[in-house]
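*Asks:* Starting off with a structure, shown below.
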Amino acid sequence: MSNNMKNIEFEKPAYSDWQDAAIKALKGKPFESLFTKTNEGVTLQPIYTQESLVAKLGDELDRQVATIRSLQNSQAFQVAQQVHADTSEAFFAQLDDSLARGNEIITIDSRVNFDWTEDVLVKLASYFSEYSFKITIKDTKDPLLTVFDKIALDQREAVKGFIVSTQPISLHAFPSVRSVGANTVIYHNEGANAIQELAYALALAAKWVEQEESFEAFSKKFFVSFAVDTQFFTEIAKLRAFKVLWKAFSSAYGVTQNVKIPTVAETSLRSFSKLDVYVNLLRSSNEALSGLIGGADLFTVHPHDVLTKPTEQSVRIARNVSLILKEETNVLKVIDPAGGSYFIESLTADFVKEAWALFLEIEAAGGIDEYTASGKLAEEVEKSYQSRIHAAQTRKQSLIGTNIYANPADAFECETNPLFASIKRSAIPFEKLRAEMTAADVKTGILTLGTLKSSKPRADFIAGFLNTVGLVPEKSEPATTVEEAIAWLKATEAKYVVIAGNDEDTKEFVHAILADKPADVLVDVAGKFKDEEEAWLANGLNGFIFAGQNIIEKLQSVFASMKEVQR
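Numbering-wise (my numbering), the sequence shown opens with residue 77 and increments by one.
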């Protein structure tokens, strides 16, 4: 039997065969419902094949793969654990601990709660003489920059590191310090999508290269910074696409050899939430793996509680995320682990094409400064942000623990880390409304109709809907008569009640319930009832709750209406 199995050959199905099977399984839904449009405007196919990839890219495929592999640095994915401390003593204690436990890059944001005094800078200079670093500064006058004055002259050539700033920093005596960066994290935190980030990186490069004496001199100082979000494959493709775009960019300056530019990356904080914070740990692990596969050279994993106040434990966990991925996945044993993937290669090519087109548009407008001054950049980023936040509020994008599977028992942490207070996070509207409703002690309820079996699906949906803003609704026993429903409405403390039953029971009961409900109770219905909607609303129904609805807009409206009723 086993020998016969070894000799069996299965015919390879064609795309059309798979499509026919998919259409049959969809049971009347259009095949196009399997296509997904990303925030970047790229349409994702339901399946990718070798034939479709070759047909799309042709000879470009080999060039794309070869370019990415040739521009990958050998020292990939070095651990860059950021130091979080309130005092200089704690700062150096944490720094020593992190270096002893696997941190490879000293990572500092200059905005600390202590002063960069002479003694602190002299001590820090001794670390910079021995270890590579990544520092983030406010501007060219940042006091942290004076650390370089404390480094001995005979040691300066050997000092290696990165300076993240909005402006290039001149450090002529430090040839191995990269101080001209395209920091796309700023745009990412405002809501930019992957294509925009890539185009802005090139536009910044085009701006800074003009200020250098030669492209060679520029390339030795330049690096790019990305934040890596939770869209796993998108972020892998983004990091890979930059290498292809960089090759095209350098070629435009007559450079024919491969010029490797470091990619400095970090976990995205726009996807982080103060609600159910341990989910942030899952998000950052997912993002770090994207960075690892995508070919990031340095990577910072932010602690899961970084939006409030990191602890020694959370910092250690964040560092271990990088170490475990780096040491135990074996990804670094492969030059380009995503290379050859039909899906990722196709997505990479899409990003390259669209980002290059946007870059050319920016250059045609006079460069990134003119493009920004015109308001076009802010307009496009805001459009991307609105698309993203709408997806979160309608659950087209899941924020586990925030817009779905929310735990209302979780304590909401009001403290905010000032370093990250301005990031346009998708969770903020949920956090804000939850705080308001919790403070107002809003009482809600679910009036179930019919039987437990028939009412449970909609009742559970409503409970989950309300949980997103911290509400725990009182749930009735299934009412089988109008009298039972009215009695429960008059007995409950809830001032906002959602009726949950199947279509048949809802249509049978609602009209009579509305006629006799307490005047101070706001009532909604779970589901869509287009034929009955007008009559029910005319008879006192507040509205409807259904899948795909904007949760924040709906519950803000409910909250405002409850205030009006209570007046």
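For glycine and all other residues, C-beta sits at the position ideal for the given N, C-alpha and C.
Source: prediction; values computed, not measured.
Quick check for students: name the residue ranges of the alpha helix (DSSP H) that lie wholly in the region 80-113, counting only runs of 4 or more.
*Replies:* Runs of the alpha helix (DSSP H) inside the region 80-113: 91-102.
*Asks:* Just the Cα atoms here: how many angstroms apart are Asp185 and Arg359?
*Replies:* Computed Cα separation, rounded: 22 Å.
*Asks:* Quick check: what's the CA-CA separation for Gln148 versus Phe427?
*Replies:* Answer to the nearest angstrom: the Cα atoms are 18 Å apart.
*Asks:* Within 10 angstroms of the Cβ of Tyr447, are there 16 or more other Cβ atoms? Answer buried if so, exposed if not.
*Replies:* The residue is buried, with at least 16 neighbouring Cβ atoms inside 10 Å.
*Asks:* Which residue marks the beginning of the alpha helix (DSSP H) containing Ile312, and which one marks its end?
*Replies:* Its alpha helix (DSSP H) spans residues 308-327.
*Asks:* What first and last residue would you give for the beta strand (DSSP E) that runs through Val304?
*Replies:* 298-304 is the extent of the beta strand (DSSP E) around Val304.
*Asks:* What separation, rounded to the nearest whole angstrom, lies between the Cα atoms of Asp162 and Cys490?
*Replies:* Between Asp162 and Cys490, the C-alpha separation is close to 19 Å.
*Asks:* Using 10 angstroms around the beta-carbon of Ala275, count the other beta-carbons present and answer buried if the total reaches 16, otherwise exposed.
*Replies:* Ala275 should be labelled buried.
*Asks:* Taking DSSP's pairing of strands, which residues face Gln625 in a bridge?
*Replies:* Paired residue(s): none; Gln625 is not in a bridge.
*Asks:* Kindly identify the DSSP beta-bridge partner or partners of Ile184.
*Replies:* Answer is Ile211.
*Asks:* Using 8 Å as the Cβ pair cut-off and three pairs as the minimum, do the region 485-502 and the region 240-258 touch?
*Replies:* With a cut-off of 8 Å, the region 240-258 and the region 485-502 do not count as touching, because too few Cβ pairs lie within range.
*Asks:* So, do the region 169-186 and the region 381-398 have three or more beta carbon pairs nearer to each other than 8 Å?
*Replies:* Touching, yes.
*Asks:* Roughly how many angstroms separate the alpha carbons of Ile621 and Lys630, rounded to a whole number?
*Replies:* When rounded, the distance between both Cα atoms is 8 Å.
*Asks:* Can you list, in chain order, the residues of its chain whose CB lies under 8 Å from that of Val364, leaving out five sequence neighbours each side?
*Replies:* Per the sequence presented here, residue 364 reads as Ala, with Val not at that position. Result list for Ala364: Val304, Thr343, Phe375, Val377, Val397, Ser398, Leu401, in chain order.
*Asks:* Closer than 8 Å is the cut-off here; do at least three beta carbon pairs connect the region 448-462 with the region 610-618?
*Replies:* The region 448-462, when compared against the region 610-618, does not touch it at the 8 Å Cβ threshold.
*Asks:* Return helix, strand or coil for Lys566, following the three-state DSSP convention.
*Replies:* The answer is helix: DSSP assigns Lys566 an H, G or I state.
*Asks:* Report the three-state DSSP secondary structure of Lys604 (helix, strand or coil).
*Replies:* Coil.
*Asks:* Where Ala292 and Phe250 are concerned, what is the direct C-alpha to C-alpha distance, given to the nearest angstrom?
*Replies:* Here the sequence assigns Glu to residue 292, which means Ala is not the residue at that position. Distance between the alpha carbons of Glu292 and Phe250: 16 Å.
*Asks:* Beta carbon of Asn83, beta carbon of Asn269: below 9 Å?
*Replies:* Result no, Cβ atoms of Asn83 and Asn269 do not sit closer than 9 Å.
*Asks:* Does DSSP put Glu286 in a helix, in a strand, or in coil?
*Replies:* Here Glu286 sits in coil by DSSP.
*Asks:* Buried or exposed for Leu102, please, with buried defined as at least 16 other CB atoms from any protein chain shown within 10 angstroms of its CB.
*Replies:* The residue is exposed, with fewer than 16 neighbouring Cβ atoms inside 10 Å.
*Asks:* Starting from Val240, trace the beta strand (DSSP E) in both directions and tell me its first and last residue.
*Replies:* Segment 237-240, the beta strand (DSSP E) holding Val240.
*Asks:* If you draw a straight line from the C-alpha of Thr332 to the C-alpha of Lys100, how long is it?
*Replies:* For Thr332 and Lys100, the distance between alpha carbons rounds to 52 Å.
*Asks:* Of the residues Ile271, Asn265, Phe299, which one's Cα is nearest the Cα of Ala281?
*Replies:* Ranking the options by Cα distance to Ala281, first place goes to Phe299.
*Asks:* Given a threshold of 16 other Cβ atoms within 10 Å of its Cβ, counted over all protein chains shown, does Trp94 qualify as buried or as exposed?
*Replies:* Answer is exposed; the Cβ neighbour count stays below 16.
*Asks:* DSSP three-state call for Glu550: helix, strand or coil?
*Replies:* DSSP places Glu550 in strand when its eight states are reduced to three.
*Asks:* On a Cα-Cα basis, can you pick out the residue from Lys532, Leu523, Phe541, Ala535 that is closest to Gln469?
*Replies:* Among Lys532, Leu523, Phe541, Ala535, the Cα nearest to that of Gln469 belongs to Phe541.
*Asks:* To the nearest whole angstrom, what separates the beta carbons of Ala503 and Leu351, a pair I think is in contact under 8 Å?
*Replies:* Contact flag correct, Cβ pair sits at about 6 Å.
*Asks:* Run the CB neighbour count on His248, radius 10 Å, all protein chains shown included, and call it buried at 16 or more, exposed below.
*Replies:* That one is exposed.
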